[in-house]
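Here's the structure, in structure tokens; my notes come after.
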Amino acid sequence: MLATNNILFRSSRHFFLRHPWQLGLAITGIALAVAVVVSVDLINQSAGHSFERSTETIVGRATHRIVGGPAGLDERLYTRMRVEYGVRDIAPVIEAHVTLEKNEQRETLTLLGLDSFAERTFRAYAWFDNLQNPDGEGVLIPLLTERNTVLLDAATATRLNLRANDEATLITGGRSIPVHVAGILAGHTHGSSHSPDNLMLADIATAQEVLDMSGRINRVDVVIGDGDDSTKSRLQSLLPDGVALLPATTRTRSLKQMTGAFHTNLTALSLLALLVGMFLIYNTMTFMVMQRRPLLGTLRALGATRRQLGAIIAIEALLVGLAATFAGLLLGVALAHGLLQVVNRTMNEVYDLLTDANLTLSNLSLLKGALLGMAGTLLAAIPAALEATRVTPRQALLRSHLEASAQRLVFPASMAGIVALGAGFMVIQLSSPSIELGFSGIFIIILGITLLIPLVTVVLMACLKPLLGGGFGISGRYACQSVTASLSRTTAAIAALMIAIATVIGIGLMVNNFRLSVDRWLQQTLRAEMYVSLPSTGTTASAHALDAGFADAVLALPQVKAVSSVRRINIESSLGQTELSAYGLNEAAWEGFQFKQGEADEIWTVFQQEDTVIVSEPYAWRHGVERNAMLELRTDNGYRAFRVLGVYKDYGSDQGIVSMSRRIYDRHWRDDRYSGFGIYTLPGTDMELLRRQVQQLAPERDLWLQDRNKILQTSLEVFDNTFVVTDILRVLAAIIAFIGVFSALMALQLERSQEHALLRSLGFLPGQMRRLIISETGLLGLVAGLLAVPVGCIITALLILVINRRSFGWTMELQFSADIVLQGIVLGLAAALLAGIYPAWKISSSELAEALRKE
Amino acid sequence: MAAPIIEFRHLSKSYWEADQEHAVLDDVNGEVYEGEFIVLLGKSGSGKSTLLNLISGIDAPSRGDILVDGQSLTGMSEDERTLFRRRHIGFVFQSFNLIPTLTVRDNLLLPLELTGRLDDGNRTDLENMLEELDMAHRIDYYPDKLSTGEQQRIAIARALIHNPSIILADEPTGNLDHDTGQDVLNLLDQLVRRSGKTMIMVTHSREVIGLADRLMTIRECRLEESNC
Chain A
562 MLATNNILFR SSRHFFLRHP WQLGLAITGI ALAVAVVVSV DLINQSAGHS FERSTETIVG
622 RATHRIVGGP AGLDERLYTR MRVEYGVRDI APVIEAHVTL EKNEQRETLT LLGLDSFAER
682 TFRAYAWFDN LQNPDGEGVL IPLLTERNTV LLDAATATRL NLRANDEATL ITGGRSIPVH
742 VAGILAGHTH GSSHSPDNLM LADIATAQEV LDMSGRINRV DVVIGDGDDS TKSRLQSLLP
802 DGVALLPATT RTRSLKQMTG AFHTNLTALS LLALLVGMFL IYNTMTFMVM QRRPLLGTLR
862 ALGATRRQLG AIIAIEALLV GLAATFAGLL LGVALAHGLL QVVNRTMNEV YDLLTDANLT
922 LSNLSLLKGA LLGMAGTLLA AIPAALEATR VTPRQALLRS HLEASAQRLV FPASMAGIVA
982 LGAGFMVIQL SSPSIELGFS GIFIIILGIT LLIPLVTVVL MACLKPLLGG GFGISGRYAC
1042 QSVTASLSRT TAAIAALMIA IATVIGIGLM VNNFRLSVDR WLQQTLRAEM YVSLPSTGTT
1102 ASAHALDAGF ADAVLALPQV KAVSSVRRIN IESSLGQTEL SAYGLNEAAW EGFQFKQGEA
1162 DEIWTVFQQE DTVIVSEPYA WRHGVERNAM LELRTDNGYR AFRVLGVYKD YGSDQGIVSM
1222 SRRIYDRHWR DDRYSGFGIY TLPGTDMELL RRQVQQLAPE RDLWLQDRNK ILQTSLEVFD
1282 NTFVVTDILR VLAAIIAFIG VFSALMALQL ERSQEHALLR SLGFLPGQMR RLIISETGLL
1342 GLVAGLLAVP VGCIITALLI LVINRRSFGW TMELQFSADI VLQGIVLGLA AALLAGIYPA
1402 WKISSSELAE ALRKE
Chain B
165 MAAPIIEFRH LSKSYWEADQ EHAVLDDVNG EVYEGEFIVL LGKSGSGKST LLNLISGIDA
225 PSRGDILVDG QSLTGMSEDE RTLFRRRHIG FVFQSFNLIP TLTVRDNLLL PLELTGRLDD
285 GNRTDLENML EELDMAHRID YYPDKLSTGE QQRIAIARAL IHNPSIILAD EPTGNLDHDT
345 GQDVLNLLDQ LVRRSGKTMI MVTHSREVIG LADRLMTIRE CRLEESNC
């Protein structure tokens, strides 16, 4: 038995040695599919770790936090609690995103202003006893006594080439402030398993000074033991109106929710690439077995058992899978390295998270990739192995048996396809709001359409035969006939190509529609000619603000017709952390709002008068808020209920925004500052002159001044950056498909090289043979392309109407761009036509007598 | 005597193997006349199939010339040789060589379509021919559903359907049992003789040798001729 197997394996090895390109392409295709899945998983894991690390660094061991209104807390509250009420496990915190510059190199960092003496329980690395340079030199004294003195984490210091006692420039709120780097935080900080990154530590007084927060702090961190309700109650009783004790996890949870959809979408995209990869593996393994059907038949005739043949095929699949998986893991790690930079940029630009995630080589991710590669290859080889081992020796030698089986399956497969389509749509319909089930529905629909491929192919070929016969003569007719006659081979190739093109079209159209919607929304929303604010990032938005005097001064400028204002703050609501925008709008600005629920006229009449809000579409979706619902917001006078007047379209934040009029805001919050202004100018205004005049109104600050067009351009650039990863994965899916289809079609043609030689001996001219082969592969590409258009459009519609809605709450316009559809079809046709070139060249240039002799 | 339909002039064919020229045919001369039935003999590997390939234009000679109906094949391009083969040659192979992805009907229509002579009249001829071969009931079968004898009968029909002037048969009974082979030979002889075509057949069958007009034997790369 063993000896027989050895001979069988030698035969198998010889086959692969004779078809090295096929083996190479199969390994490349599988490796790419594994690489995409592994890289996305590694990115998600690394981003998650980085997020947890940064949370641990900043939140420390705090279980709760005491927070105030938009202006933060009066620092005296902390003093009173500690000194008068004797509360011990508390620590004051100022937290803001700032920019640090050294030698024209900039990094955005989290500035933590802390009281080192209160930090022992919270962030051990910041406790005064642990504050020393890596060389053991203490840095507490300069930190407390010297003006604008800070500490940096080691990684940031290395990146900015900064050492202890160096000088740098801190940029915040439009001001540049020189700072002294007193020391570098030790690599592995006390009580923590990792090194902090993107962190600047300062004494709380320094932070107050540089952030212009004199006498104020952002929050007070608190540690309350599990189940210690009495401490919690006591603390709550000590807090004045407008100040709340909240669990620390609410912040972490909302940050996690914020990026969750982004990562889910990445995972789904990688799974789509895997689906293409699985088809490719199936295709490749099927071909490798089918090509040897006569050989397998001969071996069966010679006495090889089904089990022996099955074992050979399984071991072949195992070896191919092993090689491909190994290559895929290496490639995946390399790809993750590259993609992580792009994802970091998206996290920073779009989600305002200071993540500079380094690649974490998670064993789990690698194991998942290895399992997917191996299991995928083995699973995909099963149908082919079963087919080869089930048939009798005589049947194995008969091509017609295989094709007859394929023809017999056309009708049942089509029926199964229709059932799968129905099931897919039903899953989508019934699975709201689950994103994962939404994607499952899409996959089932794709499977359903795949099962319809044989029927569509047969019908299309019957329709095209007279047409191609007219155009290309016998080559065209024969090509159509041949595609139908080889359904067992052609269906899988068409399916793989169709899915790949549909993915390329679907995602391309989705991004295009998204961009179009955002562009139109921006065009409508940005009504002012110029916008002004202080440069800031999310968490510092409340801290850096302009006052009402500035608005008056702007309005007094001769070219200015009107000014609108906005104040953005983060507050707590009955539905969790909420971004609130208080608008001082004029009628022109009203035009910028498109309401999905509620009538504009009615809304604007009530908006300025009563305790009402309007909410953005994502907010309404995430929290299930509808028109006329009551929303409780934590004001400076405690929680107050606001009626929701309407839901408006907004692509600015996927977490959603609650908006109210400035007049109502002033009623409930003691905050006279503004985050930004929209400036409406008179016709013929010199914008450059206006820009200079506005800047002169706040000479000590570097204002963020942008005209409408610049904002449009920048916003779309950010949008494009967000979708860079999507585009890369889309291209990778296309490459995987290209390789797979190229390999499958080439195998299909090379397998028939003897038939081609025979046709030449019967009188086919070399040119006719070339046309025939190219027509055949082209027809496969055409069928795949034609099917991919509706499938791509269905994927687009589902991504827009189901997935994006469930992920972000956005509704988008649904338009089909001919360009992108055409790109998809061209991709399919190009892959198919290219795959035909080598066999066409080979048959037309080879010695006919030699080819026949092989026969 | 009429001019020969096929003429070999100092025909040589050699192959290169491992940097060594290996001669298969060397300075072959000979003539075949219209309507003749020639049996080509020779040991295995002596060059019989090569000579058929040269006559059909499938292969090109290394030296010398072949004239078919006065046309020299040596100077022809690949395309010209293919067009020549399409019009003048009907080939019957030892292993039948039917196109596996085409039905019997389509296998037979293929040469007609290639020569641009596919019309309703030809379709009727095809049906009549299949009736005569007792194969009409198999018209929509794929080749691998036919017995070997049936496959060879279809292969013969395919070689004749477009009415070529020369039939080349390379051991047409080599894969058949004796009785079936006999049937096939009788059929071939009957169809070719009746239509007055020229036929060159490679065979080892003694029965066929008896039917032939002349015997040609390839021995040590040369062509020797003898009457039956």
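Protein sequence lines correspond, in order, to chains A and B. Following this note's numbering, the numbering of the first sequence begins with 562 at its first residue and continues without gaps. Following this note's numbering, the numbering of the second sequence begins with 165 at its first residue and continues without gaps. Note that the Cβ used here is the ideal one computed from N, Cα and C, for glycine as well. None of the values given here were measured: they were computed from a predicted structure.
Tell me the rounded alpha-carbon separation between residue i and residue j.
i: G313 of chain B; j: S176 of chain B; result: 35 Å
i: M1071 of chain A; j: E1278 of chain A; result: 17 Å
i: L1136 of chain A; j: E1193 of chain A; result: 8 Å
i: F1156 of chain A; j: M1221 of chain A; result: 14 Å
i: F972 of chain A; j: L272 of chain B; result: 30 Å
i: A1410 of chain A; j: P225 of chain B; result: 12 Å
i: D229 of chain B; j: T866 of chain A; result: 54 Å
i: P168 of chain B; j: R251 of chain B; result: 18 Å
i: Y305 of chain B; j: T1051 of chain A; result: 21 Å
i: A1114 of chain A; j: E997 of chain A; result: 52 Å
i: G338 of chain B; j: Q354 of chain B; result: 19 Å
i: R1291 of chain A; j: A594 of chain A; result: 12 Å
i: I202 of chain B; j: S329 of chain B; result: 14 Å
i: G234 of chain B; j: L1388 of chain A; result: 51 Å
i: L1251 of chain A; j: T1275 of chain A; result: 20 Å
i: L1087 of chain A; j: N1147 of chain A; result: 13 Å
i: L1390 of chain A; j: I979 of chain A; result: 27 Å
i: G1339 of chain A; j: Q902 of chain A; result: 39 Å
i: H751 of chain A; j: I745 of chain A; result: Residue confidence for H751 of chain A is low, a pLDDT of 47 falling below 50, so the modelled location carries little weight; the figure read from the coordinates is stated next. So the alpha carbons of these two residues sit roughly 14 Å apart.
i: A1190 of chain A; j: S607 of chain A; result: 39 Å
i: G585 of chain A; j: G893 of chain A; result: 18 Å
Could you check whether residue j and residue i sit closer than 8 Å to each other, using their CB atoms as the reference points?
i: E1140 of chain A; j: Q1256 of chain A; result: no
i: V1176 of chain A; j: V1208 of chain A; result: yes
i: E195 of chain B; j: E171 of chain B; result: yes
i: V1127 of chain A; j: S1236 of chain A; result: yes
i: E1048 of chain A; j: A981 of chain A; result: Before going further, note that residue 1048 of chain A is Leu rather than Glu in the sequence given. No, Cβ-Cβ distance for L1048 of chain A and A981 of chain A is not below 8 Å.
i: R667 of chain A; j: T660 of chain A; result: yes
i: T1493 of chain A; j: A1396 of chain A; result: With chain A covering only 562 through 1416, there is no way to say anything about residue 1493 of chain A.
i: E1337 of chain A; j: S975 of chain A; result: no
i: D1263 of chain A; j: R736 of chain A; result: yes
i: S926 of chain A; j: L603 of chain A; result: yes
Just the chain A side, please: which residues come within less than 8 Å of residue i by C-beta, in chain order?
i: T246 of chain B; result: R1321, G1324, F1325, L1326 and P1327
i: E314 of chain B; result: Going along chain A, no residue has its Cβ under 8 Å from E314 of chain B, so there is no contact; the nearest lies around 14 Å.
i: L310 of chain B; result: Residues of chain A passing the Cβ test: none, with the nearest at roughly 10 Å.
Could you work out which residues of chain B lie near residue i, taking near to mean beta carbons separated by less than 7 Å?
i: I1035 of chain A; result: E277 and L278
i: A875 of chain A; result: In chain order: nothing, as chain B lies at least about 28 Å away.
i: A1046 of chain A; result: T265
Note down, in chain order, every chain B residue with its Cβ under 8 Å from the Cβ of residue i.
i: A895 of chain A; result: Within 8 Å Cβ-Cβ: nothing; A895 of chain A doesn't reach chain B, min ~44 Å.
i: S1043 of chain A; result: T265
i: E1316 of chain A; result: I263, P264 and T265
Can you tell me whether residue i is helix, strand or coil according to DSSP?
i: A809 of chain A; result: coil
i: R1224 of chain A; result: helix
i: P653 of chain A; result: strand
i: I202 of chain B; result: strand
i: N709 of chain A; result: coil
Could you list which residues in chain A have their beta carbon closer than 7 Å to that of residue i, in chain order?
i: E242 of chain B; result: P1327
What does residue i reach in chain B if we use C-beta pairs closer than 9 Å?
i: L1375 of chain A; result: Within 9 Å Cβ-Cβ: nothing; L1375 of chain A doesn't reach chain B, min ~43 Å.
Legend entry - Complete runs of the beta strand (DSSP E) confined to the region 717-777 of chain A [at least 3 residues]: List check, beta strand (DSSP E) in window: 727-733, 736-745 and 760-764.
Legend entry - Those runs of the alpha helix (DSSP H) which lie wholly inside the region 204-280 of chain B and span at least 4 residues: Listed in chain order, they are 212-220, 242-252 and 268-278.
Legend entry - beta strand (DSSP E) runs contained entirely in the region 306-354 of chain B, provided each spans 3 or more residues: 330-334
Legend entry - Any beta strand (DSSP E) of 3 or more consecutive residues that is wholly inside the region 1252-1297 of chain A: 1265-1268
Legend entry - Inside the region 1169-1240 of chain A only - alpha helix (DSSP H) runs reaching at least 4 residues: 1178-1184 and 1223-1229
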